[in-house]
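Colleague: Quick note, the sequences are listed as chains A and B, same order. In this text, residue positions in the first sequence follow the numbering used here: the first is 11, and each later residue adds one. In this text, residue positions in the second sequence follow the numbering used here: the first is 2, and each later residue adds one. Using N, Cα and C, we set each Cβ at its ideal position, and we do this for glycine too.
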Amino acid sequence: DQQVKQNSPSLSVQEGRISILNCDYTNSMFDYFLWYKKYPAEGPTFLISISSIKDKNEDGRFTVFLNKSAKHLSLHIVPSQPGDSAVYFCAASAGGGSNYKLTFGKGTLLTVNP
Amino acid sequence: NAGVTQTPKFQVLKTGQSMTLQCAQDMNHNSMYWYRQDPGMGLRLIYYSASEGTTDKGEVPNGYNVSRLNKREFSLRLESAAPSQTSVYFCASSPVPGGNQPQHFGDGTRLSIL
Chain A
11 DQQVKQNSPS
21 LSVQEGRISI
31 LNCDYTNSMF
41 DYFLWYKKYP
51 AEGPTFLISI
61 SSIKDKNEDG
71 RFTVFLNKSA
81 KHLSLHIVPS
91 QPGDSAVYFC
101 AASAGGGSNY
111 KLTFGKGTLL
121 TVNP
Chain B
2 NAGVTQTPKF
12 QVLKTGQSMT
22 LQCAQDMNHN
32 SMYWYRQDPG
42 MGLRLIYYSA
52 SEGTTDKGEV
62 PNGYNVSRLN
72 KREFSLRLES
82 AAPSQTSVYF
92 CASSPVPGGN
102 QPQHFGDGTR
112 LSIL
């Protein structure tokens, strides 16, 4: 059973507009969430994270929102740039960091069109 | 800026052959991880090493062994390769153990088993 779900396999947006990538989870024990970006033939790169004690975390053009009651988080990229075109993975962990296991979603391919 | 280096980048094996995937990091990180990524799937943890001298099983450890050779190096061994182990393997490291620690990934080893 998938505990972290990224239901949109792909998303296409215009340069300069907002990209919104969504992630749902089922395990209520998850208390830390991370987003990774992956280019083809490269490893994932850490982008941004959020603890369950917060509902928003911002880093430049990237903002992650967490809605614990809905078990839903989203990554907003504003404004989107062609270089943001990549696969984005949502990941979650439980246990306040003592659990080393990250559970990853299947990823969403973002394409930003010039 | 090397970060996490994986060798080889590509490998083709025959069923039953053995193989060791190498991983080294130059960031003085304590913790290291091995993941596999299959088509249309997120990354799944095979084994991890919280610190030098320790290793533990992850989500999908069957058919694999690991060695934490020193603080820098963490190898993954397939004793008798099977077609189900065809995958892209990623090594990662983090400064300290914990699911709330951003992990730094290598560029992967693409392994095909015929």
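Is K111 (chain A) closer than 8 Å to E60 (chain B) when the C-beta atoms are compared?
Modeller: Going by C-beta atoms, E60 (chain B) is nearer than 8 Å to K111 (chain A).
Colleague: May I have the straight-line CA-CA distance separating A80 (chain A) from Q102 (chain B), to the nearest angstrom?
Modeller: Approximately 24 Å between the Cα atoms of the pair.
Colleague: I want to see whether chain B comes within less than 8 Å of S59 (chain A), judged by CB atoms only; does it?
Modeller: Answer yes: the Cβ-Cβ gap between S59 (chain A) and chain B drops below 8 Å somewhere.
Colleague: Could you compute how far the alpha carbon of V14 (chain A) sits from the alpha carbon of F99 (chain A)?
Modeller: Their Cα atoms are separated by approximately 10 Å.
Colleague: Whole-angstrom Cβ separation of D27 (chain B) and G4 (chain B), contact assumed at under 8 Å?
Modeller: Their Cβ separation, rounded to whole angstroms, is 7 Å, which keeps D27 (chain B) and G4 (chain B) in contact under 8 Å.
Colleague: Just list the residues that DSSP pairs H86 (chain A) with in beta bridges.
Modeller: A:I30, A:T73.
Colleague: Do D41 (chain A) and A101 (chain A) have their CB atoms nearer than 8 Å?
Modeller: No, they are not a contact pair.
Colleague: In whole angstroms, give me the CA-to-CA distance for G109 (chain B) and L76 (chain A).
Modeller: So the alpha carbons of these two residues sit roughly 30 Å apart.
Colleague: Measuring alpha carbon to alpha carbon, tell me which residue in B:L46, B:S88, B:A83, B:S76 is nearest A25 (chain B).
Modeller: Of B:L46, B:S88, B:A83, B:S76, the residue nearest in Cα terms is B:S76.
Colleague: Can you have a look at P92 (chain A) and say buried or exposed, based on whether 16 or more other CB atoms are within 10 angstroms of its CB?
Modeller: The residue in question, P92 (chain A), is exposed, as its Cβ has fewer than 16 Cβ neighbours within 10 Å.
Colleague: Cα-Cα, which of A:F114, A:I87, A:L57 is closest to Q24 (chain A)?
Modeller: It is A:I87 whose Cα lies nearest to the Cα of Q24 (chain A).
Colleague: Please list the terminal residues of the continuous beta strand (DSSP E) segment that includes Q7 (chain B).
Modeller: From DSSP, the beta strand (DSSP E) with Q7 (chain B) extends over 5 to 8.
Colleague: Do N37 (chain A) and S18 (chain A) have their C-beta atoms closer together than 8 Å?
Modeller: Contact: no.
Colleague: Given a limit of 7 Å on CB to CB distance, which residues of the stretch 25 to 52 of chain B reach chain A?
Modeller: Under the 7 Å Cβ criterion, the stretch 25 to 52 of chain B contributes G41, M42, G43, L44, L46, Y49, A51.
Colleague: Would you say N66 (chain B) reaches chain A, if we count a Cβ-Cβ gap shorter than 8 Å as a contact?
Modeller: It does not: the Cβ of N66 (chain B) has no partner Cβ on chain A nearer than 8 Å.
Colleague: Return the chain-ordered ranges of every beta strand (DSSP E) run that is complete within the stretch 52 to 107 of chain B and spans a minimum of 3 residues.
Modeller: Segments of the beta strand (DSSP E) lying fully in the stretch 52 to 107 of chain B: 65 to 69, 75 to 79, 88 to 95.
Colleague: Give me the Cα-Cα distance between V97 (chain A) and T121 (chain A), rounded to the nearest whole angstrom.
Modeller: One C-alpha to the other measures close to 9 Å.
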